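1 is the number of the first residue of the sequence shown in the UniProt record's numbering; add one for each residue after it.
In this text, a Cβ means the ideal position worked out from N, Cα and C, and glycines have one as well.
Note that this is a predicted model, so its numbers are computed, not measured.
The next block holds one structure in the form of structure tokens; read it before the comments.
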Amino acid sequence: MKDLIQKHENLEGETNKLKGGTLKNYVTTAKYLGNFMLDYFKKEDVDLLMFDYEAILELERHIRTKPLKKHDPCKGNGLFKHMERVNKMMGMAKDMKWIKDSPFDPYIPDRKKVIRERLTLAYFVRIENLKFDDPKLTLVKDLFVFDCYIGASCVDLMNLNETHFEVSGEHLLCTLYRQKSTELAAIPVPPIAREIMAKYSNTPAALSRGKIFPYISNQDFNRYLKVIASAANIPIHLDTKKARAFFARELNLKNGVPLETVSKMMGHAKLATTKEVYADVDEEKILEDTAQVQQRFAAKKQQFLGVA
């Protein structure tokens with residue numbers, strides 16, 4: 001098994017198929033595999049043939065019940081992401097003729113759809129109107145608001161420079177290759193986002209690094225977001241994923257932008273990714289779509305009453 005883990009890391013890492021964050025996730029999966037082999041097989045390494053269907057089921061149970069961090073149990077989609085990575089490695093072993101059949105062939109994960117916390121429009125307005133005396137808090141708040149209008153990751157935000165922007169008629173477009181997917185994204189920059197750019201782009205901290213915004217680490221960014229959420233009395237965890245979801249769902253999909261266009265702006269390689277993550281229907285959407293149903297239905301009934 002350890003040979004397979006190393007082989008996968010070498011092949012995917014050398015060809016740059018996997019970005020840093022994804023490779024880091026594979027390292028975590030490898031740690032789970034190492035712990036599992038010690039726990040289940042009582043060995044540090046075992047032959048791939050020992051990984052049968054029963055072992056796969058036990059691996060799932062191990063990840064679910066014995067997290068790497070006791071205070072941070074792995075469950076839901078996090079659990080099945082680990083199983084998917086092991087499945088992919090087993091598929092590689094099968095392709096290389098190391099094993100005849102993958103033990104995952106009969107495996108069907110009991111994957112439940114997770115209801116994600118959402119940054120609603122009401123929450124966003126609270127954040128947008130917050131005022132801070134602390135310049136770092138103000139920067140993080142402005143970056144988060146900007147992100148809600150652009151839909152970028154923290155890494156993408158920190159890498160933005162003048163070459164990522166182009167004027168098209170009266171519009172300013174932000175064009176960048178998403179670091180994770182390497183897909184080109186083109187996003188219109190609204191006036192409020194332009195104001196935030198203008199606020200920081202000529203500051204010494206931004207000019208010294210040739211970027212639009214001063215640098216802030218991802219760790220500090222997330223730490224200050226906790227303070228901002230508390231100040232705005234928002235009972236959800238804020239991060240750039242919430243900002244991207246807000247950009248996709250609240251700003252665009254709910255205001256009539258087609259799914260295909262949103263997918264392009266998000267830099268998704270597959271439309272199905274956008275549909276699965278952002279295009280689900282919530283209560284607000286149901287009420288909005290059905291607001292006129294009773295009036296229309298009553299009008300249609302009246303037509304038949306008139307005929308009668």
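When DSSP states are grouped into helix, strand and coil, E183 belongs to the coil group.
I99 and L49 do touch by the CB rule: their CB atoms are close to 7 Å apart, below 8 Å. F247 carries a helical assignment under DSSP once its states are collapsed to helix, strand and coil. Every unbroken stretch of the beta strand (DSSP E) spanning 3 or more residues and falling wholly within the stretch 107-173 is given here in chain order: 165-168. Counting only runs of at least 4 residues, the stretch 192-228 fully encloses the following alpha helix (DSSP H) elements, listed from N- to C-terminal order: 204-207. The alpha carbon of G210 has as its nearest neighbour, out of N159, K69, T120, the alpha carbon of N159. Out of Y53, N87, D52, P73, the CA that lies nearest to the CA of A30 is found in N87. DSSP places D95 inside the alpha helix (DSSP H), whose first and last residues are 77-95. Beta-bridge annotation (DSSP): Y278 is not paired with any residue. For the pair L207 and V189, the CB atoms are not nearer than the 8 Å cut-off. Take V46, set aside five residues on each side of it, and the residues of its chain with a beta-carbon closer than 8 Å to its own are M1, M37, in chain order.
A check of alpha carbon separations from E117 across V227, R249, Y53 identifies R249 as the nearest. For T175, the pairing in a beta bridge is given by DSSP as A186. Within the same chain, and ignoring the five residues on either side of Y53 in sequence, the residues whose Cβ sits closer than 6 Å to its Cβ are P103, P106. Straight-line spacing of the CA atoms in I216 and V155 works out to 10 Å. With the rule of 3 Cβ pairs closer than 8 Å, the stretch 246-261 does not count as touching the stretch 230-238. The beta carbons of V140 and Y224 sit about 4 Å from each other, so the pair counts as a contact at 8 Å. If you draw a 10 Å sphere on the C-beta of A229, you find 16 or more other C-beta atoms in it, and that means buried.
A straight-line Cα-Cα distance of about 13 Å links F165 and L184. Burial state of H71 is exposed, judged by a 10 Å Cβ sphere holding fewer than 16 other Cβ atoms. Within the same chain, Cβ atoms closer than 8 Å to the Cβ of N35 are found at H62, K66, L68, the five residues on either side in sequence being excluded. The alpha carbon of C148 has as its nearest neighbour, out of M96, G169, D95, R244, the alpha carbon of R244. Considering only L59, L259, T273, V227, the residue with the shortest C-alpha distance to L130 is V227. By the 16-neighbour rule on beta-carbons within 10 angstroms, V262 is buried.
With fewer than 16 neighbouring CB atoms inside 10 Å of its own CB, D39 falls in the exposed class. In this structure, Y26 and E9 form a Cβ contact; the two beta carbons are roughly 7 Å apart against a cut-off of 8 Å. Of the candidates N77, F144, M197, the residue whose Cα lies closest to the Cα of D220 is F144.
Between the C-alpha atoms of K24 and L271 there is a straight-line separation of about 26 Å. K241 carries a helical assignment under DSSP once its states are collapsed to helix, strand and coil. The shortest CA-to-CA distance from I108 to any of E60, A205, E195 is the one to E60. Listed in chain order, the non-local C-beta contacts of K199 below 8 Å within the same chain comprise D142, local neighbours out to five positions each way being set aside.
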